[in-house]
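S.K.: Counting from 135, one number per residue, gives the positions in the sequence shown under the working numbering. Can you read through this structure? Questions will come right after.
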Amino acid sequence: MPGVIVASKFSADIEIDCLIIGGGAAGLTAALAASETGVSVLVAERETRLSGSTALSSGLIPAAGTKAQGHQSIKDCEDIFYTDIMAKNKNTAEPAYVKLIVRQIPKTLDWLADDYGLPFHVLDNFLYPGHTNLRMHSVPEQTGVGLINRLEAAVSAKDITIATGVQVIDIVVDNSDKALGAICLRPDGSSEKIAAASVIMACNGYGANPDLIAEYIPEMKDALYFGHPGNQGEAVLWGKALGAELVHLSGYQGHGSVAHPHGILVTWALMMEGGIQINTDGARFSNEHSGYSEQAVSVLEQAGQIAFNIFDERLVGLGRGFDDFNKAEDSGAIIKAKNINDLAHKLGVDLSALAKTLTDCDRYAAGNGTDPFGRGFDASKLLKPPYYAVKVTGALFHTQGGLTINHAAQICRPSGSKFDNIFACGGAACGVSGPDVSGYLSGNGLLTALSLGEIAGRSAGRITSISD
Numbered sequence: 135m136p137g138v139i140v141a142s143k144f145s146a147d148i149e150i151d152c153l154i155i156g157g158g159a160a161g162l163t164a165a166l167a168a169s170e171t172g173v174s175v176l177v178a179e180r181e182t183r184l185s186g187s188t189a190l191s192s193g194l195i196p197a198a199g200t201k202a203q204g205h206q207s208i209k210d211c212e213d214i215f216y217t218d219i220m221a222k223n224k225n226t227a228e229p230a231y232v233k234l235i236v237r238q239i240p241k242t243l244d245w246l247a248d249d250y251g252l253p254f255h256v257l258d259n260f261l262y263p264g265h266t267n268l269r270m271h272s273v274p275e276q277t278g279v280g281l282i283n284r285l286e287a288a289v290s291a292k293d294i295t296i297a298t299g300v301q302v303i304d305i306v307v308d309n310s311d312k313a314l315g316a317i318c319l320r321p322d323g324s325s326e327k328i329a330a331a332s333v334i335m336a337c338n339g340y341g342a343n344p345d346l347i348a349e350y351i352p353e354m355k356d357a358l359y360f361g362h363p364g365n366q367g368e369a370v371l372w373g374k375a376l377g378a379e380l381v382h383l384s385g386y387q388g389h390g391s392v393a394h395p396h397g398i399l400v401t402w403a404l405m406m407e408g409g410i411q412i413n414t415d416g417a418r419f420s421n422e423h424s425g426y427s428e429q430a431v432s433v434l435e436q437a438g439q440i441a442f443n444i445f446d447e448r449l450v451g452l453g454r455g456f457d458d459f460n461k462a463e464d465s466g467a468i469i470k471a472k473n474i475n476d477l478a479h480k481l482g483v484d485l486s487a488l489a490k491t492l493t494d495c496d497r498y499a500a501g502n503g504t505d506p507f508g509r510g511f512d513a514s515k516l517l518k519p520p521y522y523a524v525k526v527t528g529a530l531f532h533t534q535g536g537l538t539i540n541h542a543a544q545i546c547r548p549s550g551s552k553f554d555n556i557f558a559c560g561g562a563a564c565g566v567s568g569p570d571v572s573g574y575l576s577g578n579g580l581l582t583a584l585s586l587g588e589i590a591g592r593s594a595g596r597i598t599s600i601s602d
């Protein structure tokens, strides 16, 4: 089990200025930022290749006031973005912390674009739930894999060491809680000692640790886990051992649209642009526009823990703009039906119930009644035959609680005092979603990964330079 070792001296095999634990978007962004301060950097990644939770995501990063928005004539500002985040988490996140991240993220995206050539653009053909303005930034691939690949290329072009197959198991500190380095395991079972002047925890959360999920998020202990298997909660365990403050450990991002049994994410844009979800009874069971995170819980409450996404030809065209949707289509997950009768037959649901569901949506769009779940329907976006469907389940993507950090991304004690040379970013740090699944606003994960990654990297670099 990961732990903390207290030592007065630490004789190491490797010496580095800045050790970054984790090679996802947060760790790679931190590496770029730290290297710009002139210090030596080592990224230690437990897997044999860089990926992390980022590679499993859609790779979308929300930000307000970026150059990319300006190029696309999209008006937005940090105050509106801040308000959206706080509204979603019902004002349970620390306001100053949210403002720090909202202010930082446009600077980070512009920096990565200008200095490292990441070609961000804003998705402008639909609006994600909870966002007032178009602000989802993406690289051209519109995938998390594409984002990771571009960050990795930027890091590889600099004098930064990336070590894969390196699992950090213990953090080593002195009697004053100053980090001295870490001990890691290699795949062959050998161990190495890495001395470091600063340590950045960029190892995401604890979604893949069933014991921690059962303790902090019991409603998801039996759910499909759709995050990275390396998210074992080391940062939480190290934080506990250090006496650091951990908050909002019950917060997480779920998703109510993972193709079953194919295990492929189906974009929520289909729901936002007119699609609906039904259960095996042929009935809707929620407001699909509330958010895809809390929809995971709603789907898991249905019979068999499954639902069906229903959409049409128009929405198929939208979906095909996403690589994951194309993968789902290629795998046979997408069902096509020529009419309601055919759709009911292929899904195995009651025809009369399904017909009533679609008729009710038509009525709501015409103003003849109100959706009991509170969703608004647009007559221009009503579904038309031929129909399409995909069988889905709800899943846990990644946790949102974590270490409390200050404005420099240094981890803190409950008293508010900081650890001088230990930093956290991404899923290792507490997010901005509050303590509940419903507090997750689309993109919150990569929002904190990149913004806090830059803050942590620059802060660690400055402290290391001063100590030199």
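All residues carry an ideal CB built from backbone N, CA and C; glycine is no exception. From a predicted model like this one, the values you see are computed outputs, not experimental measurements.
1. If we call anything under 9 Å between Cβ atoms a contact, is T533 one with Y350?
2. According to DSSP, is E170 helix, strand or coil?
3. How would you call M102, buried or exposed, if buried means at least 16 neighbouring beta carbons within 10 angstroms?
4. Identify every run of the alpha helix (DSSP H) within the region 476-501, keeping only runs that are complete inside it and at least 4 residues long; order them along the chain.
5. Are V289 and V140 closer than 9 Å when you measure CB to CB?
6. Under a Cβ-count criterion, where at least 16 other Cβ atoms within 10 Å of its own Cβ denotes burial, should A287 be classed as buried or exposed?
7. Less than 9 Å separating the beta-carbons of K327 and D147?
8. Report back the beta-carbon spacing between L234 and G373 to the nearest angstrom; my notes put them in contact at under 8 Å.
9. Can you tell me where the alpha helix (DSSP H) holding H205 begins and where it ends?
10. So L481 and A523 are in contact, right, with Cβ under 8 Å, and what is the actual spacing, rounded?
11. Please report the Cβ distance between L492 and L517, rounded to the nearest whole angstrom; I am assuming they are in contact, meaning their Cβ atoms lie under 8 Å.
12. On the DSSP bridge assignment, give the partners of P196 in chain order.
13. Buried or exposed: where does F254 fall if 16 or more other Cβ atoms within 10 Å of its Cβ makes it buried?
14. Leaving aside the five residues before and after R497 along the sequence, list all residues of the same chain whose C-beta is less than 8 Å from its C-beta, in chain order.
15. Find the nearest neighbour of A313 within the set I398, L376 and P321, judged by alpha-carbon distance.
16. With a threshold of 7 Å on Cβ separation, who are the neighbours of V256 within its own chain once the five nearest residues in sequence on each side are excluded?
17. Whole-angstrom Cβ separation of G535 and V381, contact assumed at under 8 Å?
18. Does chain C have any CB closer than 9 Å to the CB of V333?
19. Based on Cα-Cα distance, which residue from P229, M354 and L580 lies nearest to I282?
20. If you measure between the beta carbons of G158 and A178, is that distance less than 9 Å?
21. Does DSSP put A405 in a helix, in a strand, or in coil?
22. Once you ignore the five residues that flank H541 on each side, which residues in its own chain have a CB closer than 7 Å to its CB?
23. By Cβ distance below 7 Å, which residues in the same chain neighbour A369 in space, the five residues on each side in sequence not counted?
24. Cutting at 6 Å between CB atoms, please list the residues of its own chain near G315, excluding the five before and the five after it.
25. Would you check if the distance between the CB atom of G528 and the CB atom of Q429 is smaller than 9 Å?
26. Quick check: G604 and H396, are their CB atoms within less than 9 Å of each other?
27. Roughly how far, in whole angstroms, is the beta-carbon of A378 from the beta-carbon of R592, given that I think they are within contact range, below 8 Å?
28. So, under 8 Å CB-CB, F604 and L530 are touching, yes? Tell me the CB distance rounded to an integer number of Å.
29. Pick out the complete beta strand (DSSP E) segments inside the region 497-558, 3 residues or longer, and give them in chain order.
30. So, at 8 Å on beta carbons, what are the nonlocal neighbours of V400 in its own chain, with the 5 sequence-adjacent residues on each side left out?
31. Going by beta carbon distance, what residues of the same chain come within less than 6 Å of V300, once the five residues before and after it are set aside?
32. Beta-carbon separation of V333 and I589 under 9 Å?
33. Hey, how far is the Cα of L371 from the Cα of I303?
34. Which stretch, first to last residue, makes up the alpha helix (DSSP H) that contains I294?
M.R.: Per the coordinate set shown:
1. In this structure, Y350 lies closer than 9 Å to T533 by Cβ.
2. DSSP places E170 in coil when its eight states are reduced to three.
3. Absent from the model: residue 102. The displayed extent of the chain is 135 to 602, so no value can be given.
4. Here the runs fully enclosed are 485-499.
5. Against a cut-off of 9 Å, the Cβ pair of V140 and V289 comes out as no contact.
6. Residue environment for A287: exposed (fewer than 16 other C-beta atoms within 10 angstroms of its C-beta).
7. Yes, the pair counts as a contact, with Cβ atoms nearer than the cut-off.
8. A Cβ-Cβ distance of about 20 Å is found for the pair L234 and G373, leaving them out of contact under the 8 Å criterion.
9. Per DSSP, H205 belongs to the alpha helix (DSSP H) from K201 to H205.
10. The pair is a contact, with the Cβ atoms about 6 Å apart (cut-off 8 Å).
11. Contact flag correct, Cβ pair sits at about 7 Å.
12. Answer is M270.
13. For F254, the number of other beta carbons within 10 angstroms of its own is at least 16, and it is reported as buried.
14. Cβ-Cβ distances below 8 Å link R497 to G503 in the same chain, with the five nearest sequence neighbours on each side left out; the list follows chain order.
15. In terms of CA proximity to A313, L376 leads the group I398, L376 and P321.
16. Here the set comprises A202, Q203, Q206, I208, L268, R269, M270 and H271.
17. Their Cβ separation, rounded to whole angstroms, is 6 Å, which keeps G535 and V381 in contact under 8 Å.
18. Checking the listed chains, one finds no chain C in this structure; it contains a single protein chain.
19. Ranking P229, M354 and L580 by Cα distance to I282 puts L580 first.
20. Contact flag unset, no.
21. Looking at the sequence shown, residue 405 is not Ala but Met. DSSP places M405 in helix when its eight states are reduced to three.
22. Counting only Cβ-Cβ distances below 7 Å, and skipping sequence neighbours, we find L234.
23. Around A369: M335, C337, G536, L537, A558 and A562.
24. Residues F144, A146, V306, I328, A329 and A330 of the same chain have their beta carbon placed closer than 6 Å to that of G315, with the five preceding and five following residues left out of the count.
25. Result yes, Cβ atoms of G528 and Q429 sit closer than 9 Å.
26. Summary: the structure shown does not reach residue 604, with the chain confined to residues 135 through 602, and so no result is reported for it.
27. Actually they are not in contact, since the Cβ atoms of A378 and R592 sit about 21 Å apart, beyond 8 Å.
28. With the chain covering 135 to 602 only, the question about residue 604 has no answer from this structure.
29. Annotation note: the region 497-558 contains the following uninterrupted beta strand (DSSP E) runs of length 3 or greater, listed N- to C-terminal: 521-533, 544-546 and 552-558.
30. Annotation for V400: S391, V392, A393, N443, G453, D458, F459, A462, A467, V524 and V526 place their beta carbon closer than 8 Å to its own, counting only its chain and skipping 5 residues before and after.
31. Here V300 has A178 and C318 as same chain residues with Cβ atoms under 6 Å from its own Cβ, once five neighbours each way along the sequence are excluded.
32. The Cβ atoms of V333 and I589 lie no closer than 9 Å to each other.
33. When rounded, the distance between both Cα atoms is 10 Å.
34. Run containing I294: none; DSSP gives neither H nor E here.
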